[in-house]
Amino acid sequence: MKFPFFRAPDGREGGPADPTDVPMMGGQVLPAAGTHPDASVSESMPAAQAEPAGAMAGRIPSVTSPSGPAGPTKIAARDVSVFYGDKQALFDVSLDIPDKTVTAFIGPSGCGKSTFLRCMNRMNDTIQGARVTGQILMDDQDVNARTVDPVLLRAQVGMVFQKPNPFPKTIYENVAYGPRIHGLTESKAEMDAIVESSLKKAGLWDEVADRLHSAGTGLSGGQQQRLVIARAIAVRPEVILMDEPCSALDPIATAKIEELIDELREQYCIVIVTHSMAQAARVSQRTAFFHLGRLVEHGNTEEIFTNPRERRTLDYITGRFG
Ligand SMILES: Nc1ncnc2c1ncn2[C@@H]1O[C@H](COP(=O)(O)OP(=O)(O)O)[C@@H](O)[C@H]1O
Ligand SMILES: [Mg+2]
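Heads up: the sequence shown begins at 5 in my numbering, then just goes up one per residue.
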């Protein structure tokens, strides 16, 4: 059965510049807003480079996430390479992703962040000509094993895209859809309870409780993104992958999603791709920096942002990249 939860992301679609990269955060000077790389900047020109020369140079975003990773390894990538036809997009990436933690993937456009994210729930299976080598282990189980049903895997490893993609159905039906096709409920009362609890966990319940049967597409962008998160939560995932989830949202909606991500990390393993250095610093405890299809370095967010080991990382996070 086709599983419309997992419609292929439109990676080429542009969004506005990240509105949350305001220069002030917690009294600290932060980098100015970066142009969204997918929007108007060519692949060869990374986000940070789009800044006027020197605008960001030398400034490192402050880190507000106080705690380090909280959980054991949830996903372990081992020598993962991805090819699109003859072209290799990802080279031997090995990375442990901890549970109950937000891990941010950063790096210039085209460096393979989305490609790597898609390895974790086998979304690359849906791309013709894509080939993945190496291993992705989730709770020590190979997600590419023949015994793994990708549809069930994608319920366990939910995905949220840049552009909110609610189904053309009511708010209630958007959330009920997954539990229904997965047979998670036996009665209307049980379904009502799942819908309510999922919307509550996604921080949307109070705003929609009185209009559950109106169209999900009638909500604001930020509400739609929380609806999509509620839809993912409804099938009891363990991992939530977010590919630039705030790129199309205004600053207030972005702040709400960031707050939500911080709450969700108590229960889930979360991976977020972001072009906003400030956002990575705000929401993640771990950061992985990719460049040209390779994982350059990874570690605690605070370390990556204050004391990176690699020159390329420093250059990227300070906007000197070139
Ligand atoms: N469906 C696809 N078919 C062919 N090449 C692709 C496809 N998706 C991504 N690529 C290529 O793989 C590389 C990595 O892309 P992507 O993972 O989208 O990077 P990022 O998310 O970091 O911007 C880029 O060179 C991109 O052009
Ligand atoms: Mg991408």
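Ideal Cβ positions, reconstructed from N, Cα and C, are used throughout, including at glycine.
This one's a predicted model, so the numbers in the text were calculated from it and none came from an experiment.
Spatial neighbours of residue i within its chain, please: C-beta separation below 6 Å, excluding the five flanking residues on both sides.
i, result
"CYS273", "LYS78, ASP103 and VAL243"
"ILE175", "VAL212, LEU216 and GLY220"
"ALA134", "TYR88 and ASN128"
Report yes if the C-beta distance between residue i and residue j is below 7 Å; otherwise report no.
i, j, result
"THR119", "LEU94", "yes"
"SER251", "GLN166", "yes"
"GLY303", "LYS260", "no"
"ARG269", "VAL106", "yes"
"ASN178", "PRO172", "no"
"LYS205", "ILE256", "no"
"VAL136", "VAL86", "yes"
In terms of residues, what are the limits of the alpha helix (DSSP H) holding residue i?
i, result
"LYS205", "192-205"
"GLU314", "No alpha helix (DSSP H) contains GLU314, which DSSP labels as neither H nor E."
"GLY182", "175-185"
"THR119", "117-124"
DSSP beta-bridge partners for residue i?
i, result
"PHE87", "GLN92 and ARG135"
"GLY162", "ILE244"
"MET142", "ILE79 and GLN145"
"THR107", "VAL275 and ARG290"
"GLU301", "PHE293"
"PRO102", "THR77"
"VAL152", "Bridge partners of VAL152: none, in fact."
Ignore the nearest five residues each way along the sequence and tell me which others in residue i's own chain have a CB closer than 8 Å to its CB.
i, result
"ARG184", "MET195"
"LEU264", "ALA206, GLY207, ARG230 and ILE233"
"ASP83", "ASP96, VAL97, SER98, THR137, GLY138 and GLN139"
Cutting at 7 Å between CB atoms, please list the residues of its own chain near residue i, excluding the five before and the five after it.
i, result
"LEU318", "PRO312"
"LYS117", "PHE109, GLY111, VAL277 and PHE294"
"ASP129", "PRO154"
"ASN125", "LEU157, ARG158, VAL161, MET163 and LEU245"
"GLU314", "VAL300 and GLU301"
"HIS186", "ALA159 and VAL239"
"LEU99", "ALA81, ALA292, LEU299 and HIS302"
Compare the C-beta of residue i with all C-beta atoms of chain D and state if any pair is closer than 7 Å.
i, result
"VAL239", "Absent from the structure: chain D. Only one protein chain is present."
Next item on the list: At 3 residues or longer, and completely inside the stretch 204-291: list those beta strand (DSSP E) runs for me, N to C.
Entry: List check, beta strand (DSSP E) in window: 243-247 and 273-277.
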